[in-house]
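In what follows, a single structure is set out as structure tokens and then discussed.
In our numbering, the protein residues as written are 3 to 180.
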């Protein structure tokens, strides 16, 4: 894997860091790195970077959605990639200092993602919704988002594990509530 840059906005960063890896439905392996996105097809390695319009080589995560698009989270936004064009869908949502961390597509095709490590948003393909805790301004600073078999959204990160139900983040400890 070619070396990238050091990301000064992160506490730990190297030129050889890989933030996430996926295998797409065609068997290609995708890597999110500090040098952009790399795609390995079994024979060659392709790079998607600032030279291709990514706007930031600091890629955090990649997911493949049900419709076959790829969603790339970077320090400058979320990009939709259809293997031909890159589109920044969040350029009007976050400011210049904004950064997208984790990203997840739920069973209904809604994207969930973190902005600036603190704010959580959902995106239904048309509208962005900021996820708020009905009781206060708390959010769990997520590293990862997941939807369980009961369709409950889970967020794990800096502040532990949380489940989002009835507009409230519920702290899940060793003893529950599960």
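Beta carbons are placed, not taken as given, at the ideal position from N, Cα and C, and that holds for glycine.
As the structure is a prediction and not an experimental result, all values here were calculated from the model.
Candidates 135, 34, 91, 16, of which the one nearest residue 168 by Cα: 135
Cross-strand partners of residue 22 (DSSP beta bridge): 34
Residue closest to residue 115, alpha-carbon to alpha-carbon, out of 158, 85, 153: 158
Unbroken beta strand (DSSP E) run spanning residue 81, endpoints: 79 to 83
Local Cβ density within 10 Å of residue 39, reported as buried at 16 or more and exposed below that: buried
Opposing strand residues paired with residue 132 [DSSP bridges]: 123
Distance CB(residue 104)-CB(residue 151) smaller than 8 Å: No, Cβ-Cβ distance for residue 104 and residue 151 is not below 8 Å.
Environment of residue 176 [buried if 16+ CB atoms lie within 10 Å]: exposed
C-alpha gap between residue 162 and residue 17, whole angstroms: In this structure, the alpha-carbon of residue 162 lies about 28 Å from that of residue 17.
Alpha-carbon to alpha-carbon, residue 41 and residue 5: 15 Å
As assigned by DSSP and simplified to three states, the class of residue 93: Of the three classes helix, strand and coil, the one that applies to residue 93 here is coil, per DSSP.
Same chain only: Cβ atoms within 6 Å of residue 92, ignoring 5 sequence neighbours per side: 79, 80
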